[in-house]
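Here is the structure we will look at, set down as structure tokens.
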Amino acid sequence: MIPLKTLPRDLSWLRFNARVLQEAQCATVPLLERLKFLAIFSSNLDEFFKVRVATLRRLVKLKKKTRSQLQAKPKRVLAEVMAEVQRQQQEFGRTFREQVLPALSEAGIQLLSAEDLTETQLVWVQQYFEQHVRDLLSPVVLDDTLHQLFLKDQAVYLTFFLKKPVAKTKKSDAERVVLMELPTKRHGGRFVVLPGGAGTPENPHQVLF
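If you want it as structure tokens, here you go:
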């Protein structure tokens, strides 16, 4: 009798979540439903990291004798999980950029970057930032002097690098990692409707975010 091959529960769950992503990739699914499937996929993954990935990381820290009694090696499972998550996240990004965003644009819903804004819109955005966003930002430098860092649940953080020029004799610049919470739960959430979205005669219901 051929032995039955089993898949660790966490990898099995990731395959289930991949099916949710496939629904977002299906052109026959209504556009807003595809967008909802992307949101569900991302929300599922957040919960997965809170519970299952956190558990795996705790199991990795167990003593070797205790780990040897587990059915699967937690370190190996964690590595496979992270590799699969990375693959799915890349697929998620391609689906959003190459399929959903173009379809939204055709439907009159456009997500714009700074380079896409008109001069009037750019002035409006700068004023909005000064009035509603700037005072809510609190960048935190991640270095050896930071003893404790409390991250909020269900918050969105931006991570970026700051480089400071140093003496020419040194090969590289001094680099710092900065973490900053984005005030997404204030003033209407993560998206802001821009002025000037009156649309065109062919598409009169254009909305710019």
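Numbering (this note's numbering) for the sequence shown: 1071 to 1279. In this text, a Cβ means the ideal position worked out from N, Cα and C, and glycines have one as well. Predicted, not measured: the structure shown is a model, and the values here were computed from it.
Query	Result
Exposure label - Phe1107; buried when at least 16 CB within 10 Å	buried
Sequence ranges, beta strand (DSSP E) only - wholly within the segment 1148-1223, length at least 3	1210-1212
Range covered by the alpha helix (DSSP H) that runs through Phe1119	Per DSSP, Phe1119 belongs to no alpha helix (DSSP H) and is neither H nor E.
Which of helix, strand or coil DSSP assigns to Phe1261	coil
Cβ pair count under 8 Å reaching 3, the segment 1206-1220 against the segment 1184-1196	no
Cβ neighbour criterion (16 or more within 10 Å) applied to Phe1060	Past the edges of the chain, shown from 1071 to 1279, lies residue 1060, and the structure says nothing about it.
Where the alpha helix (DSSP H) through Val1090 begins and ends	Arg1079 to Gln1095
Residue burial classification, Ala1094 (beta-carbon count within 10 angstroms, cutoff 16)	buried
Distance, Pro1172 Cα to Val1121 Cα	34 Å
Proximity to Met1250 [Cα-Cα], best of Leu1221, Ser1082 and Gly1266	Leu1221
8 Å contact criterion, which Leu1126 and Pro1144 should meet: CB distance rounded	5 Å
Which of helix, strand or coil DSSP assigns to Val1130	helix
Backbone CA spacing between Arg1246 and Thr1229 [nearest angstrom]	11 Å
Selection from Arg1079, Gly1266, Leu1081 and Ser1082 that minimises the alpha carbon distance to Asp1186	Gly1266
Assigned exposure category for Val1263 - 16 Cβ within 10 Å defines buried	exposed
Spatially closest choice to Ala1149 from Phe1166, Gln1092 and Leu1129, by CA coordinates	Leu1129
Sequence-distant residues of the same chain with beta carbon closer than 7 Å to Gln1169, five excluded per side	Gln1095
Where Thr1239 falls: helix, strand or coil (DSSP)	Low confidence applies to Thr1239: its pLDDT is 45, below 50, so where it sits in the model is not reliable, and the reading given next is rough at best. Three-state DSSP puts Thr1239 in coil, outside helix and strand.
Boundaries (first-last residue) of the beta strand (DSSP E) holding Lys1234	Val1226 to Lys1234
Euclidean distance between Cα positions of Phe1166 and Lys1134	42 Å
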